[in-house]
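Before any comments, here is the structure.
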Amino acid sequence: MKTSTVVNGEFLFLIRKKKKKIKFPAKHFKLLVVGGGAGGLGAASKFARKLPRGSVAIVEPREDHYYQPGFTLVGGGLMTLEANRRKQETLIPKGATWIRDKVQLFTPTQNLVKLRGGDEISYDYMVIAMGIQLRFDM
Numbered sequence: 001m002k003t004s005t006v007v008n009g010e011f012l013f014l015i016r017k018k019k020k021k022i023k024f025p026a027k028h029f030k031l032l033v034v035g036g037g038a039g040g041l042g043a044a045s046k047f048a049r050k051l052p053r054g055s056v057a058i059v060e061p062r063e064d065h066y067y068q069p070g071f072t073l074v075g076g077g078l079m080t081l082e083a084n085r086r087k088q089e090t091l092i093p094k095g096a097t098w099i100r101d102k103v104q105l106f107t108p109t110q111n112l113v114k115l116r117g118g119d120e121i122s123y124d125y126m127v128i129a130m131g132i133q134l135r136f137d138m
């Protein structure tokens, strides 16, 4: 006996009374930008203006954005760290989708990324702009 159905956007196949779940990418974007710093936001902004709404996504887990060139002013005592902070949601370009997660696995041969939360996202083009990791403890 072979039947199939769709549940929560996933195809479920019933073969010999055993369920086999095949998961397809939940979302597809023309451009996927990994990293929501100045570089990633700049790339996303440029393409979000040119591509149809919903074609660009930014994967960035952090809710706060720090403008890193401003750290020289913080270090020099001319600006506070708090004054350099912005909410990420206010910086996401109009027409782009913000995905609040981390990329766990890149599969460029399939134009696919797997997120830490388990979702998979496919793309036509990808920009990797993950920047640096600050280590104030060093």
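Using my numbering, read the sequence shown as starting at 1 and increasing by one per residue.
For every residue, glycine included, the Cβ atom is placed at its ideal position computed from N, Cα and C.
Values in this document were obtained by computation on a predicted structure and should not be read as measured data.
Lys-27 carries a strand assignment under DSSP once its states are collapsed to helix, strand and coil. For Leu-105, the enclosing beta strand (DSSP E) starts and ends at 103 to 107. For the 8 Å CB-CB criterion, Gly-37 and Val-127 do not form a contact. Nearest C-alpha to Phe-47 among Gly-75, Tyr-125, Asp-101: Tyr-125. Of all C-beta pairs linking the stretch 67 to 82 to the stretch 91 to 98, fewer than three are shorter than 8 Å, placing the two stretches out of contact.
Taking a cut-off of 8 Å on C-beta distances, the stretch 97 to 105 does not touch the stretch 76 to 87, as fewer than three cross pairs fall below it. Annotation for Lys-114: the continuous beta strand (DSSP E) segment containing it runs 112 to 115. Listed in chain order, the non-local C-beta contacts of Asp-101 below 8 Å within the same chain comprise Val-59, Pro-61, Leu-115, Arg-116, Gly-117, Asp-119, local neighbours out to five positions each way being set aside. In the three-state DSSP reduction, Glu-89 falls in the helix class (H, G or I). Sorting Tyr-66, Leu-81, Lys-30 by C-alpha distance to the C-alpha of Pro-52 places Lys-30 at the top. Residue pairing by DSSP puts Ile-121 in a beta bridge opposite Lys-27, Val-113. Counting only residues of its own chain and dropping the five nearest sequence neighbours on each side, Gly-131 has a CB closer than 7 Å to the CB of Gly-35, Gly-37, Gly-39.
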